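Count along the sequence shown from 1, add 571, and you get the number used in this note's numbering.
Backbone N, C-alpha and C define an ideal beta-carbon position, used for all residues, glycine too.
Remember, predicted model here, so these are calculated numbers, not experimental data.
First up is the structure itself, then whatever we jot down about it.
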Amino acid sequence: MCVCVGLALAADAPRPASATAALLADVIRVDTSNPPGNEAKLAAFLKTKFEPLGFQIDIIPTPDPKKAHFIARLKGDGSKKPILLAGHADVVGVEREKWSVDPFEGVVKDGYVMGRGAIDFKGGLAVFAEAVMRLARNKVPLSRDVIFLSEADEEGGTYNTMWLAKDHWDKIDCEFALNEGGWIIKNPDGTVRYVSISTADKSGVSLLLTARGTSTHSSMPRPDNAIFTLSKAMAKIADYDTQPKLIPSTREFFTTLEKTSQPPMSTYFHDLVNSDDPEKVKAADRAISKDPLLHAIMRNTIAPVLMNAGFRGNVIPGSAEATLNFRTVPGTNVEELISEIKAVINDPRVEVTNAMRRGMPAGSAEAYQAYIRAASRAKPSSTETDLYRALVAQSHSVYPGVPVTTYLFQAGTDAAAWRSRDIPVYGIYPYAISAEDLTRMHGNDERVSVESLEQGAELIYKTLLQVAAKQ
Ligand SMILES: [Zn+2]
């Protein structure tokens, strides 16, 4: 671990003393806001770092000349199947005026690297890259290839890992992989509370609600107004929430929260996992759900995202539509979801159907459908693998006394390309962050601490030594 973090913090220091932080600052400086992405520029930069260390480099162009995947392979003796470390190169855009620093300057301030993607996921990309390059610098003899992948278009979708896997599978095939996912969460006093490693992602499905009525002149309203009918249905959905639905990874996660919290929260976490009393579970759900992230990972969530009705100021439209986006726990069946929502609405005038993702540019909808199909085939990754065991062992070594737990990631990630092919993927944002820092992800003044980055690089490097070094 870096002992020179303090030095790196001097406000006027042009570059941090941490190699990982310096690399992250460089990576942030290549603006890969998607759209348009410009991941090919980052691929060219990464090549200058990896190639001199003896990595075999593949830059995979996509039909969009600005988007490319970057693959660097460090050869092992081939006695075991490769391990892959994947991170997306693109980031979401910024509201520049709301930032206190230039989000694309790689500013290091008060012990933090600031910039778009610092958490999601350029920080992880830098940690993975540093750990992999450290293997090469230290000339560690390897029993398997170590593959580093910097992906294009995760935030967009068209030329993402699903696209890459279709024609270039041989380059990214592996025994198991690491990507983004679980969190290393800090307590308010700065100590680490837990390390969570995602073994599954939630998937998404959208349902379309269509209310129909008589289309006519607005001067003679009728009782079957489609907009009123839809509004009543939406009001019922607003007052409704799904039941908690735990799976093995979330049971372990909430049990870890029980062990690392004080009453009454510890009791609520206990009841959520263990109680047969519906009233106790309800009370636990109410208390725990004040945290939107915890609310989300224990259930199928419902979010209205689009509405569409009417086209003129003096015409009552014949139909009104709303799209509800659900993020579902593995094992959720779309038909069951449709029946559940129909029962809540309880109005035969409102049709509920499986919706294509709407409002997307041509091509994206198709890519999204392919992603959804793959995500629904993906099974939670086993914890009985050398990689999972190594992550747990090395987390205990880097963060002594801190519990390590499985986790269900609350959104979709690029892992579907592997998990849908039965290859285990473990997700981690490999740096300790506070709950407050977490709210900056996809928000303003996104940042990650230099110390956390160094610890993360150590965690991933030691994990790689355990699973890929020749014994
Ligand atoms: Zn991400």
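Margin query: Just to confirm my understanding: we take Leu713, look at its own chain, exclude 5 residues before and 5 after, and list those with CB closer than 8 Å. What are they?
Written below: Start at 1 with the first residue of the sequence shown, and residue 713 comes out as number 142. Correct list, in chain order: Leu645, Lys646, Gly647, Asp648, Leu706, Ala1039, Ala1040 and Lys1041.
Note to self: Closer than 8 Å to a non-hydrogen atom of ligand 1 - does that hold for the CB of Thr984?
What the structure shows: Within the sequence shown, residue 984 is the residue found at index 413, counting from 1. Correct: Thr984 has its Cβ closer than 8 Å to ligand 1.
Margin query: Short of 8 Å in beta carbon distance, which residues of its chain neighbour Leu908, apart from the five on each side in sequence? Order them along the chain.
Written below: Position 337 of the sequence shown, counted from the start, is the residue given in the question as residue 908. So the list reads Val776, Leu778, Asn871, Phe897 and Thr899, once near-sequence residues are dropped.
Check: Near Asn1043, which residues of its chain fall below 6 Å by C-beta distance, leaving aside the five closest residues on each side in sequence?
Finding: No information on residue 1043 is available, as it lies outside the stretch 572 to 1042 that the chain covers here.
Item checked: C-beta atoms of Ala614 and Ala596 nearer than 9 Å -> Numbered from its first residue, the sequence shown carries residue 614 at position 43. Numbered from its first residue, the sequence shown carries residue 596 at position 25. Their beta carbons are not under 9 Å apart, which means Ala614 does not touch Ala596 by this criterion.
Notebook entry, point to check: Are the Cβ atoms of Leu979 and Thr770 separated by less than 9 Å?
Noted result: Walking along the sequence shown from the start, residue 979 turns up at place 408. Walking along the sequence shown from the start, residue 770 turns up at place 199. Result yes, Cβ atoms of Leu979 and Thr770 sit closer than 9 Å.
Note to self: What does the Cβ neighbour count give for Tyr1032, buried or exposed, with the cut at 16 atoms within 10 Å?
What the structure shows: Taking the sequence shown and counting its residues from 1, one reaches residue 1032 at position 461. By the neighbour-count rule (16 or more Cβ atoms within 10 Å), Tyr1032 is buried.
Notebook entry, point to check: Which residue from Met1012, Ser1020 and Tyr839 puts its Cα closest to that of Val665?
Noted result: As a working note, residue 665 is residue 94 in the sequence shown. It is Met1012 whose Cα lies nearest to the Cα of Val665.
Check: In chain order, what residues of the same chain have a beta carbon less than 6 Å from the beta carbon of Pro759, not counting five sequence neighbours either side?
Finding: Walking along the sequence shown from the start, residue 759 turns up at place 188. Excluding residues within five positions, none has a Cβ falling inside 6 Å.
Note to self: Is the separation between the beta-carbon of Ile768 and that of Val1021 shorter than 9 Å?
What the structure shows: Sequence index remark: in the sequence shown, residue 768 carries index 197 (1-based). Sequence index remark: in the sequence shown, residue 1021 carries index 450 (1-based). Against a cut-off of 9 Å, the Cβ pair of Val1021 and Ile768 comes out as no contact.
Check: For Ala582, is the classification buried or exposed, using 16 other Cβ atoms within 10 angstroms of its Cβ as the cut-off for buried?
Finding: To locate residue 582, count along the sequence shown from 1; it is residue 11. Residue placement at Ala582 is poorly supported in this model, since its pLDDT is 44, which falls under 50; the coordinates are not used for a value here.
Check: In whole angstroms, what separates the C-alpha of Gly1027 from that of Ala986?
Finding: The sequence position of residue 1027 within the sequence shown is 456, counting from 1. The sequence position of residue 986 within the sequence shown is 415, counting from 1. Going by the C-alpha atoms only, they are around 20 Å apart.
Item checked: Unbroken stretches of the beta strand (DSSP E), 3 residues or longer, contained in the segment 659-712 -> 678-680 and 683-685
Check: With respect to 8 Å, is the separation between the Cβ of Phe692 and the closest non-hydrogen atom of ligand 1 below this value?
Finding: Locating residue 692 in the sequence shown gives position 121, counting from the first residue. Yes, since a heavy atom of ligand 1 falls inside the 8 Å radius drawn around the Cβ of Phe692.
Check: Which ranges would you report for the beta strand (DSSP E) in the segment 884-928 if only whole runs of at least 3 residues count?
Finding: 890-899 and 921-926
Check: Which residue from Glu668, Ala914, Gly695 and Trp989 puts its Cα closest to that of Glu1029?
Finding: Your numbering for residue 1029 matches position 458 in the sequence shown. Answer by Cα proximity: Gly695.
Note to self: Closer than 8 Å to a non-hydrogen atom of ligand 1 - does that hold for the CB of Glu725?
What the structure shows: Translated into the one-based positions of the sequence shown, residue 725 becomes position 154. Yes, the Cβ of Glu725 comes within 8 Å of a heavy atom of ligand 1.
Next item on the list: Using three-state DSSP, classify Gly753 as helix, strand or coil.
Entry: Translated into the one-based positions of the sequence shown, residue 753 becomes position 182. Looking at Gly753 - three-state DSSP - the assignment turns out to be strand.
Next item on the list: Give the straight-line distance between the Cα atoms of Ser1023 and Pro1001, rounded to the nearest whole angstrom.
Entry: Position 452 of the sequence shown, counted from the start, is the residue given in the question as residue 1023. Position 430 of the sequence shown, counted from the start, is the residue given in the question as residue 1001. Their backbone Cα atoms lie some 8 Å apart in a straight line.
Next item on the list: Look at the Cβ atom of Thr732, then the Cβ atom of Ile743, and state whether they are nearer than 9 Å.
Entry: Start at 1 with the first residue of the sequence shown, and residue 732 comes out as number 161. Start at 1 with the first residue of the sequence shown, and residue 743 comes out as number 172. Yes.
Next item on the list: For Asp847, name the three-state secondary structure that DSSP assigns.
Entry: Against the sequence shown, residue 847 aligns to sequence position 276. In this structure, Asp847 counts as coil in the three-state DSSP scheme.
Checklist line | Segments assigned beta strand (DSSP E), at least 3 residues, entirely inside the segment 801-872 | finding: none
Check: In the structure shown, what three-state DSSP assignment does Thr785 receive?
Finding: As a working mapping, residue 785 is identified with position 214 in the sequence shown. Note: Thr785 maps to coil in three-state DSSP.
Check: Could you check where the beta strand (DSSP E) with Asp772 kicks off and where it finishes?
Finding: As a first step, residue 772 must be located in the sequence shown, where it is residue number 201. Note, Asp772: beta strand (DSSP E), Val763 to Asp772.
Checklist line | Beta-carbon proximity list for Gly752, same chain, < 6 Å, skipping 5 on both sides | finding: As a first step, residue 752 must be located in the sequence shown, where it is residue number 181. Result list for Gly752: Ser769, Phe980, Gly998 and Ile999, in chain order.
Check: When every heavy atom of ligand 1 is checked, does at least one fall within less than 8 Å of the C-beta of Glu610?
Finding: The sequence position of residue 610 within the sequence shown is 39, counting from 1. No; taking the cut-off as 8 Å, the Cβ of Glu610 has no heavy atom of ligand 1 nearer than that.
Margin query: Once DSSP output is grouped into helix, strand and coil, what is the label at Met878?
Written below: Taking the first residue of the sequence shown as position 1, residue 878 is located at position 307. Met878: strand per DSSP, three-state reduction.
Next item on the list: Please confirm whether Asp812 and Ser860 have their CB atoms less than 9 Å apart.
Entry: In the sequence shown, residue 812 corresponds to position 241, counting from 1. In the sequence shown, residue 860 corresponds to position 289, counting from 1. Yes, these two residues count as a Cβ contact at 9 Å.
Next item on the list: Kindly confirm or deny that the segment 684-692 and the segment 648-662 touch, where touching means at least three C-beta pairs closer than 8 Å.
Entry: yes
Notebook entry, point to check: Apart from the five residues on each side of it in sequence, which residues of its chain come closer than 8 Å, Cβ to Cβ, to Thr924?
Noted result: The sequence position of residue 924 within the sequence shown is 353, counting from 1. If we look at Thr924 and ignore the five residues flanking it on each side, its Cβ neighbours are Leu778, Leu779, Thr781 and Ile909.
Notebook entry, point to check: Which term fits Glu823, buried or exposed, when burial requires 16 or more other beta carbons within 10 angstroms of its beta carbon?
Noted result: The residue given as residue 823 occupies position 252 in the sequence shown. Per the 10 Å Cβ criterion, buried.
Item checked: Straight-line gap, Glu829 to Ser837 (C-alpha atoms, nearest Å) -> The residue given as residue 829 occupies position 258 in the sequence shown. The residue given as residue 837 occupies position 266 in the sequence shown. So the two alpha carbons sit approximately 4 Å from each other.
Check: For Ala643 versus Phe621, is the C-beta distance shorter than 9 Å?
Finding: Locating residue 643 in the sequence shown gives position 72, where the first residue counts as 1. Locating residue 621 in the sequence shown gives position 50, where the first residue counts as 1. It is a contact, given that the beta carbons lie within the stated cut-off.
Check: Residue range of the beta strand (DSSP E) that Arg1011 falls in?
Finding: Along the sequence shown, one-based indexing puts residue 1011 at 440. Segment: none, Arg1011 is in no beta strand (DSSP E) and carries neither H nor E.
Check: For Arg715, which of helix, strand or coil comes out of DSSP?
Finding: Position 144 of the sequence shown holds residue 715. If DSSP states are grouped into helix, strand and coil, Arg715 belongs with coil.
Notebook entry, point to check: Could you give the C-beta distance for Thr954 and Thr977, rounded to a whole number, given that I count them as a contact under 8 Å?
Noted result: Within the sequence shown, residue 954 is the residue found at index 383, counting from 1. Within the sequence shown, residue 977 is the residue found at index 406, counting from 1. 6 Å between Cβ atoms; contact.
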